[in-house]
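Residue numbers (the working numbering): 156 to 650.
Worksheet for the structure shown next.
This is the structure we're talking about:
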């Protein structure tokens, strides 16, 4: 078994490689700073790139012969890597002086990489273009996954990649599209890249300039929500842009495996996806009922449907863009939007939340347990897409939900010490742990998170990371047995 020392060296080696890639991804932002003569931002990017480049040079000291990664190692690597990229990614905001408080910089960067879109910036349009680009580009990288991005670029063995992909990909399961996990990462990012280019092209046709089109395409693709405008997408007041962005967000909230099946002409596999039909059904129901509920505010049915569809698409995919201040909508409409915060997108998408497949599984498991109460001797299984789900997988979903609710309750209790009203506290936590961005009240579409205390911002940053990484990788950092050596590793090898 790999020793604890070799494990630490292996993880540090991988983090150094990841920071090297992050430094390279800052180059376009630095170029924008040069072109726009944003010299404080340029200094921030140069310093951050030099810092990450210097740390990455240490990777030579961390090389190990044995590079096999087990489940625990994958969780540790993913959680520590996301913390590292967030800390270094925050440097340009801090060094440039645009966000003077470093904790605010961390919050903004974590919000970017986790595709949350919650912000402490009160006047977004006053930020330099280079920083606006960087904060939106973090959405794009974080949407599919920071480590999946690294897998798609660097040659890595499957001994490295399997457990890393499982720890970072959203949803209860993460499988291979092809035999090698590194090739799976390349396919995922290939589809992701093409879809993003299509999104940019469609927004350009709607009258956006290239910069704004790129920023909003990054946000829609990563289901993030950072905008270059204070009024978000609503600043354009364009039905075309609203519809294109709404459909784009929905598309990126669908399991990317289904797009691969379409490319392989496996149409039957797509058609029998219960999660997909549940996702589209929830969107249709929510759009129609909210449109009926808000019609008196906008008069025309078409305008009501347009705003309802956009907000439903934005919230269920956990993107967080807005075209109107939905905090002013009637109680029913706001209640539906809050419920959609918890549902989220599909597993294997860039969306956050619980994920559609977990919601469907939880509902079916509840009915299964009720049937067992009525008929104790009956053999009842949870069936998904015509097949019985393994009992272990069903219990895994229920265990995830239990831990999710426990983390939610503890975070809500702590966050209430900040002294804000119940609605703002509840929706701020919901928006962060589900990676959505805006909530209601003081954190609504026209508000932000700047008023929260520094400790509360750190707590919400942890919740954003926990929500994006499916909770367990972050919680395992606080479990003492996670850091023990060979005894647990021998158990992992046997099982």
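All C-beta atoms, glycine included, are put in the ideal place defined by N, C-alpha and C.
Quick caveat, the model's predicted, so the values are computed rather than measured.
Check: Which class does residue 421 belong to by DSSP, given the choice of helix, strand or coil?
Finding: If DSSP states are grouped into helix, strand and coil, residue 421 belongs with coil.
Margin query: In whole angstroms, give me the CA-to-CA distance for residue 605 and residue 201.
Written below: Cα-Cα distance, rounded: 27 Å.
Next item on the list: Label residue 404 either buried or exposed according to how many other C-beta atoms from any shown protein chain fall within 10 Å of its C-beta, with 16 as the threshold for buried.
Entry: Burial call: buried.
Checklist line | Burial state of residue 278, where buried means 16 or more other Cβ atoms lie within 10 Å | finding: Answer is exposed; the Cβ neighbour count stays below 16.
Item checked: For residue 227 and residue 632, the rounded distance between their alpha carbons -> Answer to the nearest angstrom: the Cα atoms are 10 Å apart.
Margin query: Determine whether the beta carbon atoms of residue 408 and residue 505 lie at a separation below 9 Å.
Written below: Yes. Within cutoff.
Checklist line | Beta-carbon proximity list for residue 460, same chain, < 6 Å, skipping 5 on both sides | finding: Closer than 6 Å at Cβ, skipping near neighbours: 446.
Next item on the list: Could you name each continuous alpha helix (DSSP H) segment of 4 residues or more that falls completely within the region 476-547, going from the start of the chain to the end?
Entry: Counting whole runs of 4 or more residues, the region 476-547 contains the alpha helix (DSSP H) stretches 486-498 and 511-529.
Notebook entry, point to check: Could you give the distance in angstroms between the alpha-carbon of residue 193 and the alpha-carbon of residue 259?
Noted result: For residue 193 and residue 259, the distance between alpha carbons rounds to 21 Å.
Checklist line | Helix, strand or coil at residue 427 [DSSP, three-state] | finding: Here residue 427 sits in coil by DSSP.
Next item on the list: May I have the straight-line CA-CA distance separating residue 274 from residue 526, to the nearest angstrom?
Entry: Whole-angstrom Cα-Cα distance: 46 Å.
Checklist line | Cα-Cα separation between residue 563 and residue 378, rounded to whole angstroms | finding: About 22 Å.
Next item on the list: Measure the Cβ-Cβ separation of residue 441 and residue 495 and say whether it is below 9 Å.
Entry: The answer is yes: Cβ separation under 9 Å.
Notebook entry, point to check: How many Å lie between residue 168 and residue 242 at the Cα?
Noted result: Between residue 168 and residue 242, the alpha-carbon positions lie close to 17 Å from each other.
Check: Going by beta carbon distance, what residues of the same chain come within less than 7 Å of residue 395, once the five residues before and after it are set aside?
Finding: The residues are 361.
Margin query: Under 8 Å, with one C-beta from each stretch per pair, do the region 611-623 and the region 260-269 reach the 3-pair mark?
Written below: Touching, per the Cβ criterion.
Notebook entry, point to check: With distances taken from CA atoms, which of 628, 591 and 566 is nearest residue 610?
Noted result: Of 628, 591 and 566, the residue nearest in Cα terms is 566.
Notebook entry, point to check: Measuring CB to CB, does residue 374 end up less than 9 Å from residue 462?
Noted result: Not in contact: residue 374 and residue 462 (Cβ atoms no closer than 9 Å).
Notebook entry, point to check: So residue 266 is in the alpha helix (DSSP H); what residue range does that whole segment cover?
Noted result: Where residue 266 is concerned, the enclosing alpha helix (DSSP H) starts and stops at 257-268.
Margin query: Taking 7 Å as the limit between beta carbons, can you name the residues of its chain near residue 162, skipping five residues before and five after?
Written below: Answer for residue 162: 228, listed in chain order.
Note to self: Looking only at its chain, what residues have a beta carbon closer than 7 Å to the beta carbon of residue 372, apart from the 5 residues adjacent to it on each side?
What the structure shows: The answer, listed in chain order, is 351, 354, 355 and 358.
Item checked: Continuous beta strand (DSSP E) assignments of at least 3 residues falling wholly in the region 588-622 -> As for any beta strand (DSSP E) of minimum length 3 sitting wholly inside the region 588-622, there is none.
Next item on the list: Could you check what DSSP says for residue 193 in three-state terms: helix, strand or coil?
Entry: Of the three classes helix, strand and coil, the one that applies to residue 193 here is coil, per DSSP.
Check: How should residue 692 be labelled, buried or exposed, when 16 other C-beta atoms within 10 angstroms of its C-beta is the threshold for buried?
Finding: Residue 692 is absent from the model: the chain starts at 156 and stops at 650.
Check: How do the region 546-553 and the region 514-522 stand: do at least 3 beta-carbon pairs fall below 8 Å, yes or no?
Finding: Yes: the two stretches touch, three or more of their Cβ pairs being nearer than 8 Å.
Next item on the list: Could you check the C-alpha separation between residue 187 and residue 280 for me, to the nearest Å?
Entry: Rounded to the nearest angstrom, the gap between the Cα atoms of residue 187 and residue 280 is 16 Å.
Note to self: Would the region 589-596 count as touching the region 466-484 if we require 3 or more Cβ pairs under 8 Å?
What the structure shows: Yes, the region 589-596 is in contact with the region 466-484.
Next item on the list: Use the C-beta contact count for residue 174: other C-beta atoms within 10 angstroms, 16 or more gives buried, fewer gives exposed.
Entry: Buried, by the Cβ-count rule.
Check: Buried or exposed: which applies to residue 432, given that a residue is buried once 16 or more other Cβ atoms fall within 10 Å of its Cβ?
Finding: Exposed, by the Cβ-count rule.
Next item on the list: Would you kindly check if the distance between the Cβ of residue 195 and the Cβ of residue 152 is under 9 Å?
Entry: This structure cannot settle anything about residue 152, because the visible part of the chain is limited to 156 through 650.
Check: Tell me which same chain residues have a C-beta within less than 7 Å of the C-beta of residue 170, skipping the five on either side of it?
Finding: Here the set comprises 235, 236 and 239.
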